[in-house]
Structure formats: C-alpha cells, structure tokens
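Numbering (the numbering used here), first residue to last: 411 to 892.
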C-alpha cells in the first residue's frame, strides 16, 4: 500500500508547488525590483506555504522508506542507501546549485544567455524563484504519473481489503472472486538457491491490519529498546561538533568576498561526482561494517576537515581582501586560495557522503521488518532532528560572540574598519575539542551497538499471536490433506 500513499501525496505536493509558485515569491517579497525587493516579506505566509509542503514531503518520505524495504530483497537491501545517497545528491544539485546558477544575474548575463542565444537582460537572472518552483512542481507531477502508471507494487491483499495469507486458499478458486493471485503464487513458489538469503524476511504489518493505536504502541516499544536509545543519543549529539562546517562555513566565505557564482560552480564539479562515487566505493571498502565507516569519517570530520575549512576561510579573507596568502606572491596566493577552496569542498562532501551512506545502511540492516517503514522513519526523524537543532544553536552562538568592527570613511574615500571580533575561529576550536571528547566517550557506544545482534533491535510484540496463527494455518492444511 505504499503506492497508494506515494502517488496522491506527490500529486498534491506538485500541485502546491505549481499553484503556489507566484504566492511564495510574493510572500518572500521577491516580486519587487531594486531596493524594494525583499522589503515586503511576510514571514507567516512563507511559513504556512513551506509547512504545508514539508508536511506532504514528510508523509511521502514515510512511504518511500517503507517501500524501499519491501521493494528490495534482503540480500540487496544494503544497496538501498546507495540509491538514497546518489538520489539526494542529484536532487541537491538540481534544486540548490542549479537554481543559484540560473538565478544569479551575473552568471545569466555572461554565460547562460550567450550560450542559449537569448536577449541580454542585465541585472536579471535567467529564472526567478517562482518560475523554478513551478517548473520543479511540474517535473514532480510528470514523474509521479510515470510511477503511477508503470511501477507496480506487490499485491498482498485480496478484494475486500483482507490481508491474504500465504496459503492455497489465495490461489485459484479460493479467493474472494475465484481470482488467481499471481503475487501470492510467486511467494509460494519453491525457493531457489538465489532466494536462500531471503528466508528470514518477514511480512511487514500495515496499520490497517493492527490499527493506528497499536502501530504507535509498537513504535513506543521500539523507542524503549536499549539499543535504539543508544542510537538516538548518538544521532542527537554527533552533529553539534560539525555544525560550523555544515551551516556557517560558506556563509562566512561569502561574507569574506567569495561570490555565489563560485560557490554554485563548485557543486557540479566536486560535490555531485563525489556524492555519487563515494557511497559506491565506501560500500566496497567497509562492506558489512557501516559504523566503522561512520567513525572513520567522523574522526576526519571533526579534526582534519575542520582545520582545512579554517585555512580556507583565512585564505579567502586574505586573497579576496586584496592581500596575499601567508606572504606569498600574487600567483602563489591564487593557487593556494583555489587549492584550499577545492580541498575544503571536496573533503566535506566526502565525509558527509560517507556518514550518510553508513547511517542509512545501518538503519536498513537493523530495523524490524514487521514495522520496517515506520521504524525507518522513526530513526530518520531523530537523525534529522540531530542535524537541525545544532544549526539554530550555532547561529545564535556566532551572532552572540561576534563583535562587528567600527568602520569609517577615510580622507581618501576608502572605508577603514578597526577592531571587532570574528567568533568563527574560536568556536571552531571549541567544537573540534568537543568532537574529540565525543569520540572518546561515545566511540565505545557506537562500537557496542554495531556488535548487537538483530534480536536487540526487535520488540517481539505480536510474535505469540503470529505463532498461534501459523499453527492454526498448519492445522487447516493438515485437515484438508486428511
């Protein structure tokens, strides 16, 4: 029943994007021009629009998580996170980098319009935010129709809504209308050697079978598992030491003079290829050991990558501020500037991809297949929360501890700034120290949960009822044969 959720929700989300594209541009105050643009921003209107859109996409995410678990066989389930990681990187590239490149007035005037043979329009981007939202909403509608028409979901029900048990009653004349259930025949077909790895797969229970209240009761039982509680603690804390690199680094680089055009061009040349290649290579290296991959990436992330980020920002401030990098000549300063900028982007993309891939692989390999979709969504919710709360905290800290310089216009007309304090670099030292402490105290917990058996991640609620049902089914079959 994933498709019955996925298709309608994506159709509604696409319609919201197409129909609300002009509205969101108006509420953001982007329908004006010049100095008046952005002056009429309505925070409530923007919040309402994106709340509705995020609500729909969160619902869609639940369906996708569950469908991915049931769509792939157990032996191929570890490849799901690779698809997830690659897909998210492509989506990130199209929606973030693609929009910045096409919306930037300078890039549009110097690159895209001459390339496409369009008329010159100085100061105006090739696409507006409203136009981009409308276009991507149309793309979502087309892809959703394609999925609705051509992708079939395994039918585990018979007409009338009752769950079809795996028995001879579902085949031939035993169905509600004497209809043959091909999906059930396939399930009952004698297992081949290729299917041996899937023998321990279990049917995922839908909410309509046990009720909404029972579904939430089972999820609460999942949260109370010691293994899950340890994992939640890890997910909620590990992103804080990385918050500067994740949320502030490129904002600070733009503040120091790095153009948005340069930032946009780094992603298609560095971030996107690494986002596709790294998950595949990492899976080959750390096959079956996702949390070891996670810790290797994390050690690099809080130490080496943080150092490269700080050096990059210092180089950007010195080079684009009209000075030299470490007292080098113009040519050497330019080379060091670009080398550090590319290295900072590449290293962060690599460790981010490694950690995301290992996290999703671990989730997929540990969830209880009986409530797989809900289980995956629960873990992803805590993972997303662990990435969002440090963002607000670190932005507040940067704003609180940064002291702007006193600037005045000199006799020659140039602006002269003195004093001030940039909080980025002291806070980075504190966060890197905190990251090392996290590795020391939480590293053993990560290793511990990686060694736990599958049984530690299951609640076993309903196992007795399932066993009784299987015994009754065997008794029925024995009676028929007798």
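Backbone N, C-alpha and C fix where the C-beta goes; we use that ideal spot for every residue, glycine too.
Rounded Cβ spacing between residue i and residue j (contact assumed at less than 8 Å)
i	j	result
residue 750	residue 718	7 Å
residue 632	residue 787	Residue 632 to residue 787, Cβ: 11 Å. No contact.
residue 459	residue 490	Contact flag wrong, Cβ pair sits at about 31 Å.
residue 423	residue 470	7 Å
residue 776	residue 867	5 Å
residue 834	residue 662	6 Å
Cβ shell of residue i (< 6 Å), same chain only, five flanking positions each side left out
i	result
residue 820	826
residue 829	815 and 816
residue 844	651
residue 544	428 and 431
residue 477	412
residue 754	718, 719 and 722
residue 519	532
residue 551	424
residue 707	761, 764 and 765
Distance, residue j Cα to residue i Cα
i	j	result
residue 741	residue 412	57 Å
residue 739	residue 746	10 Å
residue 854	residue 862	13 Å
residue 727	residue 822	23 Å
residue 505	residue 680	16 Å
residue 760	residue 818	43 Å
residue 570	residue 414	Only weak support exists for where residue 570 lies, its pLDDT of 41 falling under 50; the coordinates are left without a value.
residue 444	residue 852	Unreliable positioning characterises residue 444 in this predicted model, as indicated by a pLDDT of 44, which lies under 50. The coordinate reading is nonetheless provided below. Residue 444 and residue 852: Cα-Cα distance of roughly 51 Å.
residue 797	residue 648	9 Å
residue 439	residue 508	22 Å
residue 474	residue 481	10 Å
residue 521	residue 538	17 Å
residue 664	residue 452	25 Å
residue 639	residue 856	12 Å
residue 684	residue 676	12 Å
residue 846	residue 687	28 Å
residue 546	residue 495	20 Å
residue 622	residue 785	14 Å
residue 642	residue 748	39 Å
residue 511	residue 840	35 Å
residue 557	residue 461	25 Å
residue 735	residue 762	28 Å
residue 560	residue 806	48 Å
N- and C-terminal bounds of the beta strand (DSSP E) containing residue i
i	result
residue 817	816-819
residue 825	825-828
Limits of the alpha helix (DSSP H) - the one that residue i falls within
i	result
residue 623	622-633
residue 482	Residue 482 -> no alpha helix (DSSP H), and no H or E assigned at all.
residue 834	834-860
residue 678	Unbroken run through residue 678: none, as it is neither H nor E.
residue 705	700-712
residue 508	508-513
residue 519	Run containing residue 519: none; DSSP gives neither H nor E here.
residue 415	412-437
residue 748	740-776
residue 452	No alpha helix (DSSP H) holds residue 452; DSSP gives it neither H nor E.
residue 636	636-647
residue 659	659-665
residue 496	490-502
residue 537	Unbroken run through residue 537: none, as it is neither H nor E.
Beta-carbon proximity check, residue i vs residue j, cutoff 9 Å
i	j	result
residue 466	residue 428	no
residue 730	residue 668	yes
residue 790	residue 693	no
residue 837	residue 808	yes
residue 678	residue 492	no
residue 433	residue 450	no
residue 715	residue 666	no
residue 765	residue 711	yes
residue 514	residue 535	yes
residue 849	residue 709	yes
residue 435	residue 540	yes
Same chain, Cβ closer than 8 Å to residue i, five either side skipped, listed in chain order
i	result
residue 801	653, 656 and 657
residue 772	700, 701, 704 and 860
residue 418	none
residue 472	415, 783, 784 and 787
Nonlocal neighbours in the same chain, by C-beta distance under 7 Å from residue i, ignoring five residues either side
i	result
residue 793	645 and 769
residue 691	none
residue 804	653, 654, 657 and 658
residue 889	Residue confidence for residue 889 is low, a pLDDT of 49 falling below 50, so the modelled location carries little weight and cannot support an answer.
residue 842	651, 712, 713 and 716
residue 752	680
residue 554	417, 420, 421 and 424
residue 637	859, 862, 866 and 867
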